[in-house]
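Numbering (this note's numbering), first residue to last: 118 to 632.
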């Protein structure tokens, strides 16, 4: 019975997971009084390789024990120190197996989800096709609404999937679920799941901050007991801080947008400004706050920022302007890689957005490099459908109603001959009474990548039409002649022209191209 009260007897049957072990050291003599390997018993603790930092009640840290690096946790009992040690190489060995299993299951579930979305879209496409034994429906010339999902744009020699400009800047919450593309559905599901997990993690940390076991690793990290330098603990705490900042900022911005959108245009403008300001301040503030956790003195950095700003401002003013402009381009999302944009007079596809410059490739595969600080007056044209238009000038002596009746017959034929036309062409009416001509506008809907070529093809078709019907196109000339009497328009042509103009206005309602 006396033997069972001894410390060595009690520790003999203690088992530690992950191939861990227990040892004890006497406080006065600093000799090992218990160890799984009896060769170290009654020997000085220095023989194990431990340091003097271990002689603390409630010690937690890393020690090399008998040549093996271990994570050690200790407690003082009377005049003896009792320690539990687990080799570092064995820590998390069971967690790794569980992580692999959970990852594999999640990956399979994601594949099933993606497959169901794509298969459903394929089934809908097949069900929407007409049977071979039925006559195809007559194709309508109605204006097609701009898609808000993912579209294909040409990036070099390969097409690239990007989000339409309408879908990017429109309120995504207004898009119905069945109108979203499979990519948007998957992205939305992942975003919601990650946001829920992040919110739950942040709430858990705040509610349970004072209830952790003081000897647990999580408590060790949350209470910042670790040394302030680059290590696994500081990186983990920085990740926790970033998650908290992102979640709090996202929730705050969402609340501001929801409230401001229901309080009028002015409140919505102020709300958008506050959201943009909160995004930058939160990120910059979090970065400076986390610097101290890896040994960087943020106060000294702030103090030296003024002097460094003067030096850099004088010596590298253009470089700083380019870098800052590049950061704002990325954060604001004004355009992305794969977008079709116009900068000044240069039009092309964005190949790369660097920290200092942006590369844009035109249709001839010429690449122009813009310094980010010079990127101004950007027009983003990443749309599935655009409008190609051309103006046709006719002489004042030409009968307008006769030309309109000809356009009514010829425009549907142009649709058959020009493959790039998605909808149209439409006759938009008279857009100008110039010095020597009456200007008519013809418009067709097409994909942005085909807009320039379609404009050329449409102009050619109109010239050939004028030649076939002897419609005079004015050009600089001096003509001396007697006034001649032109062919009068018939009642049938007049009726057709009025009916045609009315139909065209109705069909192309909502389409507008400024001069």
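Note that beta-carbon positions come from the ideal geometry of N, C-alpha and C, so glycine has one too. Bear in mind that the values here come from a model prediction, so they are computed numbers and not experimental data.
Beta-ladder partner(s) of residue 510, from DSSP: Along the chain shown, one-based indexing puts residue 510 at 393. Residue 510 is bridged to 556.
For the 8 Å Cβ check, are there 3 or more pairs between the stretch 387-401 and the stretch 331-350? No contact exists between the stretch 387-401 and the stretch 331-350.
Cα separation between residue 468 and residue 538? The residue labelled residue 468 in the question sits at position 351 within the chain shown. The residue labelled residue 538 in the question sits at position 421 within the chain shown. The alpha-carbon of residue 468 is positioned some 27 Å away from that of residue 538.
May I ask which residues mark the beginning and end of the alpha helix (DSSP H) holding residue 456? Numbered from its first residue, the chain shown carries residue 456 at position 339. Careful: residue 456 lies outside any alpha helix (DSSP H) and carries neither H nor E.
Apply the 10 Å Cβ neighbour rule to residue 251 and answer buried if 16 or more other Cβ atoms are within range, or exposed otherwise. If you number the chain shown from 1, residue 251 lands on position 134. A caution first: residue 251 carries a pLDDT of 47, below 50, which makes its placement in the model too unreliable to give a value.
To the nearest angstrom, report how far apart residue 466 and residue 481 are at their CA atoms. Your numbering for residue 466 matches position 349 in the chain shown. Your numbering for residue 481 matches position 364 in the chain shown. Approximately 11 Å, taken between the alpha carbons.
Taking just the CA atoms, how far does residue 229 sit from residue 387? What you label residue 387 is simply residue 270 of the chain shown in a count that begins at 1. What you label residue 229 is simply residue 112 of the chain shown in a count that begins at 1. In this structure, the alpha-carbon of residue 387 lies about 43 Å from that of residue 229.
Go ahead and label residue 442 buried or exposed: buried means 16 or more other beta carbons lie within 10 angstroms of its beta carbon, across all protein chains shown. As a working note, residue 442 is residue 325 in the chain shown. Classification for residue 442: buried.
Thinking just about the alpha-carbon of each residue, which of 618, 550, 306, 438 is nearest to the one in residue 488? The residue given as residue 488 occupies position 371 in the chain shown. Nearest of 618, 550, 306, 438 to residue 488, Cα basis: 438.
Look up residue 626 in the DSSP assignment and say whether it is helix, strand or coil. As a working mapping, residue 626 is identified with position 509 in the chain shown. Note: residue 626 maps to coil in three-state DSSP.
By Cβ distance, which residues of its chain are closer than 8 Å to residue 492, with the 5 residues on each side in sequence left out? Along the chain shown, read from residue 1 onward, the residue named residue 492 stands at position 375. Annotation for residue 492: 442, 446, 460, 475 place their beta carbon closer than 8 Å to its own, counting only its chain and skipping 5 residues before and after.
Judging by CA-CA distance, which residue of 508, 413, 359 is the nearest neighbour of residue 403? The sequence position of residue 403 within the chain shown is 286, counting from 1. Ranking the options by Cα distance to residue 403, first place goes to 359.
Need the endpoints of the alpha helix (DSSP H) that residue 464 sits in, please. Locating residue 464 in the chain shown gives position 347, where the first residue counts as 1. That residue, residue 464, is in no alpha helix (DSSP H); its beta strand (DSSP E) goes 463-470.
From residue 317 to residue 365, what distance separates their C-alpha atoms? Taking the first residue of the chain shown as position 1, residue 317 is located at position 200. Taking the first residue of the chain shown as position 1, residue 365 is located at position 248. Distance between residue 317 and residue 365, taken at the CA atoms: about 12 Å.
Residues near residue 338 by beta carbon distance below 7 Å, same chain, minus five either side: For the purposes of this step, residue 338 is taken as residue 221 along the chain shown, with counting starting at 1. Residues of the same chain with a CB within less than 7 Å of the CB of residue 338, apart from the 5 flanking positions on each side, are 350, 353, 354 in chain order.
Tell me whether residue 629 is buried or exposed, calling it buried when 16 or more other Cβ atoms sit within 10 Å of its Cβ. By one-based count along the chain shown, residue 629 stands at place 512. By the neighbour-count rule (16 or more Cβ atoms within 10 Å), residue 629 is not buried but exposed.
On a CA-only basis, which of 132, 218, 168 is nearest residue 152? Give me that one, please. Position 35 of the chain shown holds residue 152. Considering only alpha carbons, the answer is 132.
Boundaries of the beta strand (DSSP E) in which residue 177 is found, first to last residue: In the chain shown, residue 177 corresponds to position 60, counting from 1. Its beta strand (DSSP E) spans residues 177-182.
Using the beta-carbon count (16 or more within 10 Å), is residue 472 buried or exposed? Residue mapping note: residue 472 aligns to position 355 of the chain shown, counting from 1. Within 10 angstroms of the beta-carbon of residue 472 lie fewer than 16 other beta-carbons, which makes it exposed.
Is it the case that the stretch 575-583 contacts the stretch 546-556, given that we only count it when at least three CB pairs across the two stretches are under 8 Å? Using a Cβ-Cβ distance cut-off of 8 Å, the stretch 546-556 and the stretch 575-583 are not in contact, since fewer than three pairs of beta carbons, one from each stretch, lie closer than that value.
Reduced DSSP category for residue 621 - H, G, I as helix; E, B as strand; rest coil: For this step, residue 621 is matched to residue 504 along the chain shown. Assignment of residue 621 by DSSP, reduced to helix, strand and coil, places it in the helix class.
Once you ignore the five residues that flank residue 126 on each side, which residues in its own chain have a CB closer than 7 Å to its CB? Looking up residue 126 in the chain shown gives position 9. Correct list, in chain order: 120.
Look up residue 138 in the DSSP assignment and say whether it is helix, strand or coil. As a position in the chain shown, residue 138 is number 21, starting the count at 1. In the structure shown, residue 138 falls within a strand segment according to DSSP collapsed to helix, strand and coil.
For residue 180 versus residue 189, is the C-beta distance shorter than 8 Å? The residue you call residue 180 lines up with position 63 of the chain shown. The residue you call residue 189 lines up with position 72 of the chain shown. Yes, these two residues count as a Cβ contact at 8 Å.
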